[in-house]
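With this note's numbering, the residue at position 88 of the sequence shown is 97, and numbering never jumps. Ideal Cβ positions, reconstructed from N, Cα and C, are used throughout, including at glycine.
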Amino acid sequence: MEICRTVDELKSLTEQVKREGKKIGLVPTMGALHNGHVSLFKRARAENDIFVASVFVNPVQFNNKEDFEKYPKSEKEDLLILERNGCDIVFVPTAEEVYNNETPEHWSFGKLEEVMEGKQRAGHFSGVANIVSRLFKWTQADRAYFGEKDYQQIAIIKDMVRQMQSSIEIVPCPIYREEDGLAASSRNKRLSPQARAVAPKIHEILTKSFQQKEFLSISQIKSFVENEFKKYKEFELEYFVLADGDTLQPVKTKEESSNIIGFIAVWLDGVRLIDIQKY
Ligand code: PAF
10 MEICRTVDEL KSLTEQVKRE GKKIGLVPTM GALHNGHVSL FKRARAENDI
60 FVASVFVNPV QFNNKEDFEK YPKSEKEDLL ILERNGCDIV FVPTAEEVYN
110 NETPEHWSFG KLEEVMEGKQ RAGHFSGVAN IVSRLFKWTQ ADRAYFGEKD
160 YQQIAIIKDM VRQMQSSIEI VPCPIYREED GLAASSRNKR LSPQARAVAP
210 KIHEILTKSF QQKEFLSISQ IKSFVENEFK KYKEFELEYF VLADGDTLQP
260 VKTKEESSNI IGFIAVWLDG VRLIDIQKY
């Protein structure tokens, strides 16, 4: 596995790969790798000639300084996990290397970013687009893999690809869940043992609402989920939104969309967790 710390190193390796006519699969990460990432690595490894990953905690996508500072970092372990999963090239830059002391660009995504994560975290998706667009250009990847836990991020990145007029294929991958149903996330590492024990309720409550969907209207599904969370003092529900899976716009009735997704953000033990449920 080649470890690149500069853009020039990365570009010279990937340019060589492209000259040989090989396909590149990219998995961008912020490190603190877990089994959810590993499921993306396996896809990228199996479906491409060359598997490239990046490990970079992107400061410009955090609108909360404390969240950025507390983001877990484990470079040594991350590199071992990547090596074990057949990574060919890993890019591990500093913020100076990525942004070269320049002001990040401003990306706009219209209505896609007016809801959920975009609404709660001002500037977040513009920050994501800054790093992801650079990675796409520097690696010349043919495919890029993203987990569906960050469903809105995938919709934003697809729109970014359209704006860039790029031909890269965005591959959405199913959420990797721990045995108790909790969606894998680097933030799970910050939960106390007590909070970790209650965290699977997020998926459990969403699953229960899914099982009752035939008998409930959209507003009843919403109330059901909100009331279930009220039973657990450990949780603070930030939002639960039922929206169309393509436009991401909230729906009021089931007839409005054949692809309804429930998007949730909850606080638990000072940690913000997100998840989705397809209805
Ligand atoms: O999903 C993430 O981990 C990040 O938003 C990403 C795509 C690696 C960009 O920093």
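Out of curiosity, what's the CA-to-CA distance linking residue 192 and residue 216? 13 Å
My assumption, with CB atoms under 8 Å, is that residue 98 sits in contact with residue 11. Please give the rounded CB distance. 5 Å
Using the Cα positions of residue 225 and residue 288, report the straight-line distance between them to the nearest angstrom. 12 Å
The alpha helix (DSSP H) enclosing residue 203, as first and last residue numbers: 202 to 207
Please list the terminal residues of the continuous beta strand (DSSP E) segment that includes residue 193. That residue, residue 193, is in no beta strand (DSSP E); it is neither H nor E in DSSP.
Would you call the stretch 242 to 257 and the stretch 168 to 185 in contact, with 3 or more CB pairs under 8 Å? no
Residue 24 to residue 213, Cα distance in whole Å? 46 Å
With a 10 Å radius around its C-beta and 16 neighbouring C-beta atoms as the bar for buried, classify residue 158 as buried or exposed. buried
Which residue wins for smallest C-alpha separation from residue 103, given the options 130, 120, 67? 67
Would you report the Cα separation of residue 175 and residue 144, rounded to the nearest angstrom? 12 Å
Report the option in 172, 242, 56, 126 whose CA atom is closest to the CA atom of residue 162. 126
Three-state secondary structure (DSSP) of residue 68: helix
Along the chain, where does the beta strand (DSSP E) that runs through residue 31 open and close? Per DSSP, residue 31 belongs to no beta strand (DSSP E) and is neither H nor E.
Run of the beta strand (DSSP E) containing residue 118, from where it starts to where it stops: Residue 118 -> no beta strand (DSSP E), and no H or E assigned at all.
Which of the three DSSP states, helix, strand or coil, is assigned to residue 172? helix
Is residue 284 helix, strand or coil when you go by DSSP? strand
Terminal residues of the continuous beta strand (DSSP E) containing residue 155? 152 to 156
Sort 263, 63, 285, 261 by Cα distance to residue 271 and report the nearest one. 285
Any heavy atom of the ligand PAF nearer than 6 Å to the CB - residues listed: 37, 38, 39, 67, 70, 137, 140, 141, 159, 162
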